[in-house]
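Protein chains in written order, with the working numbering: chain X, 1 to 113; chain B, 1001 to 1114. For each residue, glycine too, the CB sits at the ideal point set by N, CA and C.
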Amino acid sequence: NAGVTQTPKFQVLKTGQSMTLQCAQDMNHEYMSWYRQDPGMGLRLIHYSVGAGITDQGEVPNGYNVSRSTTEDFPLRLLSAAPSQTSVYFCASANSLYGSEAFFGQGTRLTVV
Amino acid sequence: AQTVTQSQPEMSVQEAETVTLSCTYDTSESDYYLFWYKQPPSRQMILVIRQEAYKQQNATENRFSVNFQKAAKSFSLKISDSQLGDAAMYFCAFHTGTASKLTFGTGTRLQVTL
C-alpha cells in the first residue's frame, strides 16, 4: 500500500522557472492538502481540497496554484519560482470522517537559486 | 485565528528516562482534535497520538501519553522509557474536525542521549 506519494523528492530551480510538484494517494481520500515546512515555522497550509473539482486557499497561497481533477491526484504548481519558495513541501490526505487523521507524503525539498 | 505554540525548541533526555514536551493552543471552537506528529531525519511525518477534545480521558499509546487540559488549552506529550529511536522533531497540531486544514506548532527537537 503506497499511501501518499510525492515526486520528486529533491529539486533545484532557477529563479523564474516553473514546475509542478506531484502528489498521489491510493486510499480514496476525499481531502488533500499541501504544506510547506520552513525552519522555526512548523508546517503551514498552502492549498487544500475537499474533493475533486474543489480547492481553496490556505495560510500561504501566494505563488502557488492547484487543481484537483481526480480524487487521487493533487499537483502543486509554482508559476515563477522565487528564492522565498525554498522549502520542504508536504502533501497530505485524509478521509472526510469527522476528526480523521492526515497521512503525509515523504516531502519534496525544493531549492530556488 | 487558531494558533499552536511549542515553547521548547529543543529538549534532551537520557535513554530510559521520561520527558515531557509542551504544547498550548488557542481556538474559539469547542470541538476539535489534537495530534502529536513525529518527524525523524527521514522527514516522514508519523502520527504519534491523537486526542478528541470532547473526551476527558487522556490518550495513551504504549510509551506515549498526553496530559490534556482543555480549560488551560494545554496538550503536552509524555514519552516514558525514552529510546534512541525517539530522537526526532515533534510537532503539535490540531484541526476543528476537518483534516484538510491542520494548524501546526513550530516543533520541538528531541535528543536522546546514552
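Where the beta strand (DSSP E) through residue i begins and ends
| i | result |
| --- | --- |
| R1050/B | I1046 to E1052 |
| R77/X | L76 to L78 |
| L89/X | Residue identity check: residue 89/X is Tyr in the sequence provided, not Leu. S87 to A94 is the span of the beta strand (DSSP E), which, as asked, contains Y89/X. |
| M27/X | Element bounds for M27/X: n/a, residue is neither H nor E. |
| D56/X | I54 to Q57 |
| K1073/B | From DSSP, K1073/B is part of no beta strand (DSSP E); its letter is neither H nor E. |
| D1031/B | Premise fails: D1031/B is in no beta strand (DSSP E) and is neither H nor E. |
| T1113/B | T1108 to T1113 |
| L1102/B | Counting along the chain, L1102/B falls outside any beta strand (DSSP E), and DSSP gives it neither H nor E. |
Neighbourhood of residue i by C-beta distance below 8 Å, restricted to the same chain and skipping five residues each side
| i | result |
| --- | --- |
| G53/X | R68 and S69 |
Beta-carbon gap between residue i and residue j smaller than 9 Å
| i | j | result |
| --- | --- | --- |
| D1026/B | A1059/B | no |
| T5/X | A81/X | no |
| L1102/B | Y35/X | yes |
| S49/X | Y64/X | no |
| L1077/B | Q1014/B | no |
| C1088/B | P1040/B | It is worth fixing the name first, because residue 1088/B is Ala in this sequence and not Cys. A contact, by the Cβ cut-off of 9 Å. |
| L76/X | T20/X | yes |
| R44/X | F1094/B | no |
Beta-carbon proximity list for residue i, same chain, < 6 Å, skipping 5 on both sides
| i | result |
| --- | --- |
| F1068/B | Q1051, N1058 and F1075 |
| T1020/B | S1076 and K1078 |
| T1106/B | Q1006 |
Contacting residues, own chain, Cβ-Cβ under 7 Å from residue i (five flanking each side not counted)
| i | result |
| --- | --- |
| L1047/B | F1035 and Y1037 |
| S87/X | R36, Q37, D38 and L110 |
Length of the line joining the Cα atoms of residue i and residue j
| i | j | result |
| --- | --- | --- |
| E1017/B | R1043/B | 25 Å |
| S1065/B | T1098/B | 23 Å |
| P83/X | L1110/B | 29 Å |
| Q122/X | H47/X | Nothing about residue 122/X can be read from this structure; chain X reaches only from 1 to 113. |
| M1011/B | Q1083/B | 14 Å |
| Y1090/B | V1004/B | 13 Å |
| M27/X | G3/X | 6 Å |
| S96/X | N1062/B | 27 Å |
DSSP-derived helix/strand/coil call for residue i
| i | result |
| --- | --- |
| G1085/B | helix |
| S976/B | No answer is possible for residue 976/B: it lies beyond the span of chain B, which begins at 1001 and ends at 1114. |
| S69/X | coil |
| S84/X | helix |
| V4/X | strand |
| E1015/B | coil |
| L97/X | coil |
| A987/B | The first residue shown for chain B is 1001 and the last is 1114, placing residue 987/B beyond what the model contains. |
| G42/X | strand |
| Q22/X | strand |
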